[in-house]
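For reference, the structure discussed in these notes is given below.
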Ligand SMILES: [Fe+2]
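This is how it looks when you write it as structure tokens:
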């Protein structure tokens, strides 16, 4: 008996979805589900007899639509948890910085880590695995140029994350280079954005990215504030 921890990848958007919980009580949480993959989640949950206790979003996504409403059909009692500044208009619980929840015998704790979006949170599971959403990426960080993103907030959120114990494992919301996991010690050494300790250099780097808008932003954001309802 011990923890449940699965990292699933959406191949189209390189989004990571996490399923975590306690194998003794069979309670699980899903972080950042993707609507197209709902059958995969359902299969896993039913096959293992897992009870979906929490549906968590690290932020309002712009690149994919969440599976929350699809999953709520099968697990109507699951609690949807989002950051306190989320624009969600359906029934959600908004958490504050350092709020926590129990999942079986384990703790999940929420940290406000805005910068990519105003409502971004990172989630610490069992005190040693941090799901960073689109704040800290392996070797980099999320973009800050839409959804009330802020370079200043991204800078402080990254500082906040790396102040956690250096053995904390980092599980990002995306990886475009087929990496799965890192830890704080490695990120301090190798992450190009964390290495830019001078704020002006950090700002200059992010301003130079000039990325095209996510393809599905105009469709995803309005759907996601409704829980992904079609
Ligand atoms: Fe995002």
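Residue numbers (full-length UniProt numbering): 1 to 230.
Even glycine gets a Cβ: it sits at the ideal position worked out from N, Cα and C.
>> Measuring straight from C-alpha to C-alpha, what distance separates residue 60 and residue 138?
In response: Walking along the chain shown from the start, residue 60 turns up at place 60. Walking along the chain shown from the start, residue 138 turns up at place 138. Their backbone Cα atoms lie some 20 Å apart in a straight line.
> According to DSSP, which residues form a beta bridge with residue 29?
Replying inline: Looking up residue 29 in the chain shown gives position 29. 20 and 54.
> Excluding the five sequence neighbours on either side, which residues of its own chain have a C-beta within less than 6 Å of the C-beta of residue 92, listed in chain order?
Replying inline: Numbered from its first residue, the chain shown carries residue 92 at position 92. Once the five neighbours on either side are set aside, the close Cβ partners of residue 92 are 80 and 82.
>> Quick check: is any heavy atom of ligand 1 less than 7 Å from the C-beta of residue 62?
In response: As a first step, residue 62 is located in the chain shown; it is residue number 62 there, counting from the start. Yes; taking the cut-off as 7 Å, the Cβ of residue 62 has a heavy atom of ligand 1 nearer than that.
> Which residue's Cα is closest to the Cα of residue 107: 114, 129, 14 and 117?
Replying inline: Stepping through the chain shown from its first residue, residue 107 is reached at position 107. If we check each option's Cα against that of residue 107, 129 comes out closest.
> Which of the three DSSP states, helix, strand or coil, is assigned to residue 82?
Replying inline: To locate residue 82, count along the chain shown from 1; it is residue 82. Looking at residue 82 - three-state DSSP - the assignment turns out to be strand.
> According to the Cβ coordinates, are residue 30 and residue 71 closer than 8 Å?
Replying inline: Here residue 30 corresponds to residue number 30 of the chain shown, with the count starting at 1. Here residue 71 corresponds to residue number 71 of the chain shown, with the count starting at 1. By the CB criterion at 8 Å, residue 30 and residue 71 fall inside the cutoff.
> Is there at least one non-hydrogen atom of ligand 1 closer than 7 Å to the beta-carbon of residue 134?
Replying inline: As a working note, residue 134 is residue 134 in the chain shown. Yes, Cβ of residue 134 sits closer than 7 Å to a heavy atom of ligand 1.
>> Below 8 Å on the Cβ atoms is my contact criterion, and I expect residue 145 with residue 211 to pass it. Report the Cβ-Cβ distance as a whole number of Å.
In response: Taking the chain shown and counting its residues from 1, the one referred to as residue 145 is at position 145. Taking the chain shown and counting its residues from 1, the one referred to as residue 211 is at position 211. Sure, about 7 Å apart at Cβ, within 8 Å.
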